[in-house]
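Trainee: Please see the structure below; I have some questions.
Residue numbers (the numbering used here): 400 to 725.
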């Protein structure tokens, strides 16, 4: 019996719009001398961050080959190219995150990621804004972006200092704004309470148009450098547009010892959360030992940019075949 859902969920006009935006994207980077590259979707290593879940791919039944992991981001492999002397690079690729399904999420999605040796995260924010303007021209009014620090936006909308407040103060702020804890959020999970305040209290208050939020807490640094003047702060930014998160960027960490330490801390957090440890990417650590040029990098959710250009309210409206039709 037919399932009745063989047709694409996006109308053909929107699929043509995707093609236009892909062409604009490539033209933008070609004009700036940024090389388009490709890296593997499958890896023997996986991302260690506890809040990201990788799809695991096993060898055929009866064989003993190692597990493979579908990439949640091409970051590790792209940094190996940077260490090998590639210069500025970008990639348009598929990325995969298990369990991420919703109005703005599909487990398989399109990511645009690029790296700029010699730039810091503030300079890269300017290029991200330029790209967004080039992609959305003729579809959405794209004013000059506002910029605000993570600390200031929490003070403004949640009434709490995210760099200084303890967990009890964060919980009190959430309760003051009528937000209850979510399942799995423990009383000790400080970053979890920060994320809860961000998504439930702050993001609904974000202004229309593009907005950069920068200088996140060091505990949320991931692969970003810490600020040399204030080690409570990581040199990281996110871009929102009309409250929709579009991009996540870093002034990249180049220190192999510090990166190994962060991987080990992630593994501890995974165990504490009841998650299995995953193989760390020794190739990346070797590349950092060889020498990663100082620079900044960013990942942009391309499907969400298409949502903005098309005026779509659900990611399925801009995908040919989302998860339930794949």
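Where is the CB? At the ideal position from N, CA and C, for every residue including glycine.
Buried or exposed for residue 534, please, with buried defined as at least 16 other CB atoms from any protein chain shown within 10 angstroms of its CB.
Mentor: The sequence position of residue 534 within the chain shown is 135, counting from 1. Buried: at least 16 other Cβ atoms inside 10 Å.
Trainee: For residue 400, I'd like the list of residues in its chain whose CB is within less than 7 Å of its CB, leaving aside the five on either flank, ordered along the chain.
Mentor: For the purposes of this step, residue 400 is taken as residue 1 along the chain shown, with counting starting at 1. Bear in mind that a pLDDT of 49 at residue 400, under 50, signals an unreliable position, so the number given afterwards is only what the model happens to contain. Nothing listed; no residue qualifies.
Trainee: Assign residue 578 to one of three DSSP states: helix, strand, or coil.
Mentor: Taking the first residue of the chain shown as 1, we reach residue 578 at position 179. If DSSP states are grouped into helix, strand and coil, residue 578 belongs with coil.
Trainee: Look up residue 609 in the DSSP assignment and give the residues it is bridged to.
Mentor: Translated into positions along the chain shown, residue 609 becomes position 210. The partner list for residue 609 (beta bridge, DSSP) reads 640.
Trainee: Measuring alpha carbon to alpha carbon, tell me which of 619, 614, 641, 483 ends up nearest residue 628.
Mentor: Position 229 of the chain shown holds residue 628. The option with the nearest alpha carbon to residue 628 is 614.
Trainee: Within its chain, find whatever has a CB closer than 7 Å to the CB of residue 467; leave out the 5 residues flanking it on each side and keep chain order.
Mentor: Residue numbering aside, residue 467 sits at position 68 when the chain shown is read from its first letter. 441, 442, 443, 456, listed in sequence order.
Trainee: In chain order, which continuous runs of the alpha helix (DSSP H) of length 4 or greater are located wholly inside the region 688-712?
Mentor: You should have 701-709.
Trainee: List the endpoints of the continuous beta strand (DSSP E) containing residue 511.
Mentor: Numbered from its first residue, the chain shown carries residue 511 at position 112. Note, residue 511: beta strand (DSSP E), 507-516.
Trainee: Using a Cβ-Cβ cutoff of less than 6 Å, which residues in the same chain neighbour residue 498 once the five nearest sequence positions on both sides are dropped?
Mentor: By one-based count along the chain shown, residue 498 stands at place 99. Result list for residue 498: 452, in chain order.
Trainee: Tell me the residue span of the beta strand (DSSP E) that contains residue 489.
Mentor: Residue mapping note: residue 489 aligns to position 90 of the chain shown, counting from 1. Run containing residue 489: 488-495, per the beta strand (DSSP E) assignment.
Trainee: My output table needs one value for residue 400: the three-state DSSP class, helix, strand or coil.
Mentor: Position 1 of the chain shown, counted from the first residue, corresponds to residue 400. For residue 400, the predicted structure reports a pLDDT of 49, less than 50, and the residue's modelled location is therefore unreliable. The matter cannot be settled from this model.
Trainee: How big is the Cα-Cα spacing for residue 449 and residue 430?
Mentor: As a first step, residue 449 must be located in the chain shown, where it is residue number 50. As a first step, residue 430 must be located in the chain shown, where it is residue number 31. Distance between the alpha carbons of residue 449 and residue 430 is about 38 Å.
Trainee: Quick one: residues in its chain with C-beta nearer than 8 Å to the C-beta of residue 473, no 5 flanking neighbours on either side, listed in chain order?
Mentor: Sequence index remark: in the chain shown, residue 473 carries index 74 (1-based). These residues qualify, in order along the chain: 438, 490, 492, 494, 510, 512.
Trainee: Looking at the structure shown, is residue 545 part of a helix, part of a strand, or coil, going by DSSP?
Mentor: Reading the chain shown from its first residue, position 146 is the one you call residue 545. Residue 545 falls in the strand class under three-state DSSP.
Trainee: What is the residue span of the alpha helix (DSSP H) that residue 417 lies within?
Mentor: Translated into positions along the chain shown, residue 417 becomes position 18. Residue 417 -> alpha helix (DSSP H) spans 411-430.
Trainee: Evaluate residue 501 with the Cβ neighbour count: other Cβ atoms within 10 Å of its Cβ, from every protein chain shown; 16 or more gives buried, anything less gives exposed.
Mentor: For the purposes of this step, residue 501 is identified with residue 102 of the chain shown, where counting begins at 1. Its Cβ having fewer than 16 others within 10 Å, residue 501 is exposed.
Trainee: On the DSSP bridge list, what partners appear for residue 442?
Mentor: Looking up residue 442 in the chain shown gives position 43. DSSP output for residue 442 lists 468 as bridge partner(s).
Trainee: Might you give, ordered along the chain, the residues of its own chain that have their beta carbon closer than 7 Å to the beta carbon of residue 470, omitting 5 neighbours on each side?
Mentor: Taking the first residue of the chain shown as position 1, residue 470 is located at position 71. Around residue 470: 440, 442, 494, 495.
Trainee: Would you grab the beta carbon distance between residue 592 and residue 573 for me? Rounded to a whole angstrom, and I think it's under 8 Å.
Mentor: Within the chain shown, numbered from 1, the residue matching residue 592 stands at position 193. Within the chain shown, numbered from 1, the residue matching residue 573 stands at position 174. Yes, they are in contact, since the Cβ atoms of residue 592 and residue 573 sit about 7 Å apart, within 8 Å.
Trainee: Which term fits residue 670, buried or exposed, when burial requires 16 or more other beta carbons within 10 angstroms of its beta carbon?
Mentor: Translated into the one-based positions of the chain shown, residue 670 becomes position 271. That one is exposed.
Trainee: Taking 6 Å as the limit between beta carbons, can you name the residues of its chain near residue 530, skipping five residues before and five after?
Mentor: Along the chain shown, one-based indexing puts residue 530 at 131. Answer for residue 530: 427, listed in chain order.
Trainee: Report the rounded CA-to-CA distance for residue 625 versus residue 414, giving the unit in angstroms.
Mentor: As a first step, residue 625 must be located in the chain shown, where it is residue number 226. As a first step, residue 414 must be located in the chain shown, where it is residue number 15. Cα to Cα, the separation comes out at about 40 Å.
Trainee: At a cut-off of 7 Å, would you count residue 453 as near the ligand HEM, judging by its Cβ distance to the nearest heavy atom?
Mentor: Among the components of this structure there are no ligands whatsoever, and the ligand HEM is therefore not found.
Trainee: Determine the burial state of residue 550: buried for a count of at least 16 other Cβ atoms within 10 Å of its Cβ, exposed for fewer.
Mentor: Taking the chain shown and counting its residues from 1, the one referred to as residue 550 is at position 151. The residue is buried, with at least 16 neighbouring Cβ atoms inside 10 Å.
Trainee: Could you check which residue in 641, 699, 602 has the C-alpha nearest to that of residue 649?
Mentor: Position 250 of the chain shown, counting from 1, holds the residue named residue 649. Ranking the options by Cα distance to residue 649, first place goes to 699.
Trainee: Reducing DSSP to helix, strand and coil, say where residue 615 ends up.
Mentor: Within the chain shown, numbered from 1, the residue matching residue 615 stands at position 216. In the structure shown, residue 615 sits in a strand (DSSP, three-state: E or B).
Trainee: Sorted by chain position, which residues of the same chain lie with C-beta nearer than 8 Å to residue 608's C-beta, five sequence neighbours on each side aside?
Mentor: By one-based count along the chain shown, residue 608 stands at place 209. Within the same chain, residue 608 has close Cβ partners 540, 541, 542, 544, 545, 640, 641.
Trainee: Who are the near neighbours of residue 409 in its chain, counting only those whose CB is closer than 7 Å to its CB and skipping five residues on each side?
Mentor: For this step, residue 409 is matched to residue 10 along the chain shown. If we look at residue 409 and ignore the five residues flanking it on each side, its Cβ neighbours are 716, 717, 718, 719.
Trainee: Going by the beta-carbon positions, is the gap between residue 527 and residue 610 smaller than 8 Å?
Mentor: In the chain shown, residue 527 corresponds to position 128, counting from 1. In the chain shown, residue 610 corresponds to position 211, counting from 1. Contact flag unset, no.
Trainee: Compute the distance between the beta-carbons of residue 518 and residue 695, then report whether it is under 8 Å.
Mentor: Looking up residue 518 in the chain shown gives position 119. Looking up residue 695 in the chain shown gives position 296. Yes, they are a contact pair.
Trainee: With distances taken between CB atoms, is the gap from residue 508 to residue 702 smaller than 8 Å?
Mentor: Your numbering for residue 508 matches position 109 in the chain shown. Your numbering for residue 702 matches position 303 in the chain shown. Yes, Cβ-Cβ distance for residue 508 and residue 702 is below 8 Å.
Trainee: Given a cut-off of 8 Å on the beta-carbon distance, is the pair residue 425 and residue 714 in contact?
Mentor: Locating residue 425 in the chain shown gives position 26, where the first residue counts as 1. Locating residue 714 in the chain shown gives position 315, where the first residue counts as 1. It is not a contact, given that the beta carbons lie outside the stated cut-off.
Trainee: Below 8 Å between beta carbons: does that hold for residue 623 and residue 652?
Mentor: Along the chain shown, one-based indexing puts residue 623 at 224. Along the chain shown, one-based indexing puts residue 652 at 253. Yes, the pair counts as a contact, with Cβ atoms nearer than the cut-off.
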